[in-house]
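S.K.: Just passing along the structure, written as structure tokens.
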Amino acid sequence: MFIDPKNITMDVLNLTTLMPMLIAIGGGLVILTIDLIKENIHKSLYVMLTILILVIDLGATLGLNFGPNEKGFFDVMLIDGLSILSQILVLVASGLFIPLALTSKRFHEYSYPEFFALFLFMIAGFQFMVSSDNLILIFIGLETASLSLYTLIAMHNRHNSFEASVKYFTMGALAAGFFTMGSAILYGISGSLELYQIAPAIQSRMGEPGMMMFLLGGAGLLLTAFAFKLSLFPFHTWAPDVYEGASAPLAGYMSVVPKVAAFVVSMRIFEMFIELQIEWVQTIIIILAVLTMTLANLMALVQEDVKRMLAYSSISHAGFVMVAIALATEKANTGIFLYYALFMFTNLGAFAMLWVSRHKNRIHHARYDHPYEKFSGMVKIMPMGAVVMGLFMLSLAGVPPFSVFWGKVYLMSATIDAGHIGLAIIMGLNSAIAAYYYLKLIVYMFLREPTAQVTEETTYYNVSKPLLTILGLAVFVTVGSIFYVDPLIEYITEMMRATNFGI
Amino acid sequence: MENLVYIALFAPFVGSLFAGLFFARSPKTHLVGVVNSTLIGIAFIAAVTLALHVAEHGAVHVTMMSWISAGDLSIPFGFLVDEVSVTMMLVVTLVSTIVHIYSTGYMDHDRAYNRFFAYLSAFVFSMMILVMSDNFAGLFIGWEGVGVCSWLLIGFWYHKEDRPFEENPSISPSWAANEAFIMNRVADLGMLVGIFLIYWNVGSLQYDVVFKALPHLADGLLVSIAIALFIGAMGKSAQFPLHTWLTDAMEGPTPVSALIHAATMVTAGVFLVIRANPLYSLDAVHEVSMFIASLGAFVAFYAASMALSARDIKRIVALSTLSQLGYMFAAAGLGAYWIALFHLAAHAFFKALLFLGAGNVMHAMDDELDIFKMGGMKKVMMGSYIYMGIASFALAGLPVMAGFYSKDAIIETAFNDGSYIIWAILVITAGMTAFYSFRQVFFTFHGEERYKALGFHPHDMYKYVLVAMAPLAVLAISFGWFMENFHEFITKNLPDYEMSHTTHHWAWLLGSLVIVLAVTGIIIAYKKYAGKGPNAWKRDEEFEQSFIYKLVENQYYVPKFYDEFIVQPYTIASKKFWEIDKAVVDGFVDLIGKMSYKSGDVSRGMQTGSLSAYLNWMGVGALLLIVAAAITALIG
Amino acid sequence: MEIGIGHYLILSGILFSIGFVGVLRRKNLLMLFFATEIMLNAVNIAFAAIGNYYGDLSGQMFAFFIIAVAASEVAVGLGLLIILYKKYGSLDLDVISTMKG
Amino acid sequence: MYEFVAFYIFAIATTILFLITVMSKNVLYSMTSLAAGMVLISGLFFLLGADFLGVVQLIVYVGAVMALYAFAMMFFDATKDVKEKHGNSALVFLLGGLMALVFVVMFSAPIIGENIQALYPVGLAENLGASGNSQDVGLVLFTKYLVPFEVAAVMLLVAMIAGIILAGKKMDYSLTECEASDEELKQEIKKEEV
């Protein structure tokens, strides 16, 4: 039996859409190959190589043509503004994260070249996830990224990190079940796996009896899967433990990059539902968002460990941003990216500060690596460090004119514009509660006397030049936000206009 | 030009951050002083360039952020550099540059040297926002900013104890700082009301939009807005009855007094009235304007009378500031806005000079303020003597000096307006001004060397500081010569004020009258206080017991009145309220706090650490969503 | 009697729920993984059935990829289990709960 | 009729087998019933005309995945009964039952749309005279779904690396928890390896 070769021209395939991901995957393979050829190369080579690949990847991403209908490879790939924007965020955050490997002390995960290969595969996974509206590719990209991430967490090689990894993994597997079931229902009612075809199909069938059942059921299942990824209440339970178990930089990274990717897919899916006038989805998302930010804030209030506090605060921030999905306006969507672009530097900076003072064993507390006591009187020992950490805390608390403030204001104004005044008030109240636990750390750092264990030696334990560079960069971006926030908004808005939302 | 605007605005801010962030806790370093002075100097150069640009091409308007818009509320954050604001910018940056340089010498021995510069630069930044803003919101932000910085700087030596000063009620820097802040808050409330009224009725806070819309508003409303805004101005410019904070604010370091409580911040009220001139020149608010003028004249006289008997060298200068602010308000109230602005600028130069001179004396006398303990210091402090002499001549309004032109113009305005009472008060005050300012000079620099007996060894300031003060001295002398140019420049923006023919006709007489009075005042002061040897001045105990002296000495008992009738009852009431508060409000707040903690603890319970429980939570969540979906779908 | 798509889908739903019960109920990690496999298998039936009734291959495609994902998850999951077992000496979920609060 | 009988046999059998998987206390029983259930599911795939999928199900699941599980089971020596504490079994079954109920209610409604066109219809290769599920699958998989296919390859590579690393010997030492300097540590590891 013989099948005729299909005649497919390169133009139709639009192969360039694949470039960024191919660079990341190729880079990962190069690293694996180098390791095969010569063992025991110092990790700084891999770090540099990874950064190089990330830069090339970023260049390729920026060089792509994009638009609402820029598709490639049998319409599996979709390079619209949303995709470009999120890829930029992912790559920039990764570029900030990787140099944190160059600490003065050796930690387990960085002794593997595979760490860097897996990291690049993970990035490729995220890139696929955001540049497609095909549910299959989204799923595969998601799983590739997640499986790499589970491994990266476990490679930190402590009791806690295995526990964290297993918890994340198991709940992730359950979420995968929900995602696929939700996709099956969407497929059932529309006969397609591509969002741009699903939306009109659903629209034409809206009136049919029983259709609501499927729509809401499917939305509920998908929402479960993404609420898990975005750590919304009550699907957030993994987050604090995983952040605690992972190394500090990875925890900071996880509070940004996977969430950005998940937000992009949520925007594509749930805003489609909202555009179809299914109010239930909107209501449920608002309820989840409000519950998430409030409860996470309350729980952050009673934490004894700074890293865990930051974990809960990241959950709360995610809840805050989730409101924008429910609004589904251009301004709200712009706000999501603005928020994460600003939050990224501040939060990674804060986690990097934890990393600077990270010890191999816990000298301050039997269980926690970063209890509040560790930071008491820090200003006397490490004045610059205390000021920097204080700046990050103020920014996270939303104090003007630091970066996160603009994100908060923009999102709240988008909320008011959409007519949800009450919601905006709840968001404001939550920011007020949040300020309390950020200030608690500042109080510890500036107003307390250092305890006996806190010395110069212990606070500077893990510091190195690259870490300081990253911190400096983060401070710079956090403090100087007033100067670039306006053009940033313009850029994001422009990208949002070049986006395909299915309908 | 846009860049220059930002440079002028942000150079002080950068300086403040530089000193505050990097050196807040490090030991004193001259680097901070030099860098901050340079940055302010840069701002000054930018202001000069902008002034030249404005003179040639007209106003520069930049919008920094236009997107802070929530719902219907939209507050563009823009800056307007026109003839009025650029004048203010020049004054502010010039005086603050010199004060910064001066402070590097004056604060040399202070432990908190770096902190001082952080605050001082922050003040300049706030002041720049205040004058450069193109809307009332920005103005208010700057207004509050200077208030906060002033609070920080008055209370700079917060660690000083309350000191029992026999002539003074016990005043400490922190007490004075709080007093200034609270009085200003009271006044700011009025201003805030004014701003809200404008926003509700016009729907914008942009100056140009507001002023265009004003004539269409109801008369009553306009009067309310005018009064509300003026209350704000009264607080910041220390007009009666909110004036007591200014003299007490002298507890702050002297450079602060020179910059904030003489040259710049206290003139913000005058600036506000000048800025809002389209409002205050409306017919509907004529009464308010008249009130402003009358109050100004009253304060001018009132403050001058208190200065006659004051013994504290800084307090005298402060009271003279108060008096001169009265002059400015009188001019502004009478519609001569450009003259008010001219006097504001001239006053800033000579008053800053006077204060810095007084600072030199204090520095030399180990912070001794009582002029009765000084005398004959011109031998040891020639530089300061010349500067203070020049400044006092300017203040007294002797010919050729800056003060002569501006003050004379104000007095002429009053005459021209037909407000003869105001005119008379201002003329008499001019004589008193000459007397008390020279009383101070003669007490300090002439006569018997009383300090020797007390064991002081005064010496003059560093040379470079004296050199740095020179520009102020030059301007104190010569600023008046440019009155015509200034007039031409500023009336492009502000309404002109024309003198009538009669006034022109009598101008020489009016001028001479003032001069004669001033010279008389100086001569009396000389006779009384400058003598040496047998004619040396002796304390007249009997006179000091007289009612009038007591009245003036005690500032007309206004502070005492405040203390007895406002502060004390308020304290008692506060104590009562505090008790209630502790029981009810505090309890309530505590309850909220406890509840948040409690609910945090409770919700923390869901985080048992067991993966099984987590999966259950997730499962329950998913199920709830799906069941809710099913029910919703079945119902509707 | 005709077997319609509804039959397959209901079967799929029931199997999914069985897997779900397993996930909620199991305390042994290995057996918990079995339950997730059941859920994925249930979804596969749904995809195959819908694809069949539309006469469309996309459903089968999704099912293929789900199988691939399941296989990968097993590899990573078992790796994690082994290392966890080495450290904790147990696969009981209640034992592995040092992080809480 | 044939389809009817086959479906019910497969359906009831898989349900029972999977219930055993979920309920059994013994890992061996649990795993065996899971494998058997998966075999029966491949039968359902054949019924649905998805021949290739059925074959893959058999090979990958029953062949590879179950072999892995069997290996793991031996590693953990979990042949004996597993003790599990069940706090609230009733609640779990209630939740599961509720979930099943919702699915039953949901899927009782007609899901298939009348005017929906198949995008990749079965019988793609029919006009070439060669029909068969495998060929159709191949055609679609290597055109439309080539990208996901390749990404899945990367995913499998990731899984392989993850498995090797996590189960590898190097994980027995934790650099993260060891305060010794890098040099000492290397020596120690070398010694241990020898």
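Chains as they are written, first to last, in the numbering used here: chain A, 1453 to 1955; chain B, 68 to 703; chain C, 14 to 114; chain D, 246 to 439. Beta carbons are placed, not taken as given, at the ideal position from N, Cα and C, and that holds for glycine.
#1: Would you please state the rounded distance, in angstroms, between the beta carbons of B:D518 and B:P525? I believe it to be under 8 angstroms.
#2: Identify every residue that forms a DSSP beta bridge with D:P366.
#3: Using only the alpha-carbon positions, how far apart do D:I265 and C:F47 sit?
#4: Hey, B:G20 and D:L346: beta-carbon distance below 8 angstroms or not?
#5: Enumerate in chain order the residues of its own chain whose CB-to-CB distance from A:L1888 is below 8 angstroms, with the five nearest sequence positions on each side excluded.
#6: Under a three-way DSSP split, which group does B:V148 fall into?
#7: Can you find the residues in the same chain that come closer than 7 angstroms, C-beta to C-beta, to B:F509, ignoring five residues on each side of it along the sequence?
#8: Show which residues of chain D have a CB atom less than 9 angstroms away from the CB atom of A:E1666.
#9: How many angstroms separate the CA atom of D:A375 from the CA atom of D:V367?
#10: Using DSSP with H/G/I as helix, E/B as strand and the rest coil, what is C:G114?
#11: Establish whether the CB of C:K113 and some CB of chain D are separated by less than 8 angstroms.
#12: Do the segment 1788-1800 of chain A and the segment 1758-1773 of chain A meet, that is, are 3 or more Cβ pairs less than 8 angstroms apart?
#13: Between which residues of its own chain and A:M1745 is the CB-CB distance below 6 angstroms, once the five residues before and five after are set aside?
#14: For the candidate residues A:I1944, A:V1482 and A:K1523, whose alpha-carbon lies nearest to that of A:L1790?
#15: Going by DSSP in three states, D:G374 sits in which element: helix, strand or coil?
#16: Taking Cβ to Cβ, would you say A:F1571 is nearer than 8 angstroms to A:T1513?
#17: If we require 4 or more residues per run, which alpha helix (DSSP H) segments fall completely within the segment 1802-1844 of chain A?
#18: Express the C-alpha separation of B:E515 and B:H554 in angstroms, rounding to a whole number.
#19: Please report the straight-line C-alpha distance between C:I80 and A:M1845, rounded to a whole angstrom.
#20: Under 8 angstroms, Cβ to Cβ, is there at least one residue of chain A near C:G17?
#21: Would you identify the three-state DSSP class for A:Q1755, choosing helix, strand or coil?
#22: Residues of chain C with a CB under 8 angstroms from the CB of D:M318: which are they?
#23: With a CB to CB cut of under 7 angstroms and the five nearest residues on each side skipped, what residues in its chain are close to B:W134?
#24: Are any of the Cβ atoms in chain C nearer than 8 angstroms to that of D:L285?
#25: Starting from the N-terminal side, write out each stretch of the alpha helix (DSSP H) that is 4 residues or longer and does not extend beyond the segment 426-465 of chain B.
#26: Would you report the Cα separation of D:F387 and D:F394, rounded to the nearest angstrom?
#27: Return the chain-ordered list of same chain residues with a C-beta closer than 6 angstroms to the C-beta of D:M276, the five sequence neighbours on each side being excluded.
#28: Could you please give the first and the last residue of the uninterrupted alpha helix (DSSP H) stretch that includes B:F632?
#29: Assuming C:V34 and D:V267 make a contact with CB atoms under 8 angstroms, what is their CB distance in whole Å?
#30: B:L682 versus chain A: which residues are under 8 angstroms apart at the beta carbon?
#31: Report the CB separation of B:V290 from B:A351 in whole angstroms; it is logged as a contact under 8 angstroms.
#32: Alpha carbon to alpha carbon, how far is A:I1815 from A:V1542? Give it in angstroms, no decimals.
#33: In the segment 17-38 of chain C, which residues sit with their C-beta less than 8 angstroms from some C-beta in chain B, listed in chain order?
#34: Distance check for D:Q302 and A:E1595, CA to CA, integer angstroms please.
#35: Which residues in the same chain as A:A1545 place their Cβ atom closer than 6 angstroms to its Cβ, once the five residues preceding and following it in sequence are excluded?
#36: Please report the straight-line C-alpha distance between A:T1468 and A:I1531, rounded to a whole angstrom.
M.R.: In this structure, then:
#1: The displayed chain sequence assigns Tyr, not Asp, to residue 518 of chain B. Rounded, the Cβ-Cβ distance is 7 angstroms, consistent with contact.
#2: DSSP, once it has assigned bridges, lists C:D69 as partnering D:P366.
#3: Going by the C-alpha atoms only, they are around 11 angstroms apart.
#4: With chain B covering 68 to 703 only, the question about residue 20 of chain B has no answer from this structure.
#5: In the sequence on display, residue 1888 of chain A carries Tyr and not Leu. Non-local beta-carbon contacts of A:Y1888 in its own chain, meaning distances under 8 angstroms to residues more than five positions away in sequence, involve L1753 in chain order.
#6: The answer is strand: DSSP assigns B:V148 an E or B state.
#7: Residues of the same chain with a CB within less than 7 angstroms of the CB of B:F509, apart from the 5 flanking positions on each side, are A592, Y593, Y596 and A597 in chain order.
#8: It should be noted that the sequence gives Phe, not Glu, for residue 1666 of chain A. Those are M351, F352, A354 and I356, listed as they occur along chain D.
#9: Model confidence at D:A375 stands at a pLDDT of 47, short of 50, so the residue's coordinates are unreliable; what they give is reported in the following sentence. Taking the straight line joining both Cα atoms gives about 12 angstroms.
#10: DSSP places C:G114 in coil when its eight states are reduced to three.
#11: Cβ-Cβ to chain D under 8 angstroms: no for C:K113.
#12: As far as the Cβ criterion goes, the segment 1788-1800 of chain A touches the segment 1758-1773 of chain A, which means the pair count is three or higher.
#13: Counting only Cβ-Cβ distances below 6 angstroms, and skipping sequence neighbours, we find S1768, G1771, F1772 and N1882.
#14: Answer by Cα proximity: A:I1944.
#15: Model confidence at D:G374 stands at a pLDDT of 44, short of 50, so the residue's coordinates are unreliable; what they give is reported in the following sentence. DSSP, reduced to helix, strand and coil, places D:G374 outside both helices and strands of the structure shown, so it counts as coil.
#16: A distance of 8 angstroms or more separates the beta carbons of A:F1571 and A:T1513.
#17: Residue ranges of uninterrupted alpha helix (DSSP H) with 4 or more members, entirely inside the segment 1802-1844 of chain A and ordered along the chain, are 1830-1833.
#18: When rounded, the distance between both Cα atoms is 45 angstroms.
#19: When rounded, the distance between both Cα atoms is 45 angstroms.
#20: Not an interface residue.
#21: Looking at A:Q1755 - three-state DSSP - the assignment turns out to be coil, as it is neither helix nor strand.
#22: Using a Cβ-Cβ cut-off of 8 angstroms, D:M318 is close to L43 of chain C, given in chain order.
#23: Note that B:W134 scores 44 on pLDDT, short of 50, meaning its location in the model is unreliable and no value can be drawn from it.
#24: At least 8 angstroms separates the CB of D:L285 from every CB of chain C.
#25: Runs of the alpha helix (DSSP H) inside the segment 426-465 of chain B: 449-463.
#26: Looking at the backbone, the Cα of D:F387 and that of D:F394 are separated by about 8 angstroms.
#27: Same-chain partners within the cutoff: Y314.
#28: Per DSSP, B:F632 belongs to no alpha helix (DSSP H) and is neither H nor E.
#29: Contact flag correct, Cβ pair sits at about 6 angstroms.
#30: Within chain A, the residues near B:L682 are T1622, M1623 and L1626.
#31: About 6 angstroms; that satisfies the 8 angstroms criterion.
#32: Each residue's Cα considered, the two are about 34 angstroms apart.
#33: Listed by position, the residues of the segment 17-38 of chain C near chain B (Cβ gap below 8 angstroms) are F33, V36 and L37.
#34: Going from the Cα of A:E1595 to the Cα of D:Q302 covers about 20 angstroms.
#35: The beta carbon of A:A1545 lies closer than 6 angstroms to those of V1708, V1709 and M1796 in the same chain, with the five residues before and after it left out.
#36: Across the structure, A:T1468 and A:I1531 are spaced so that their CA atoms are roughly 10 angstroms apart.
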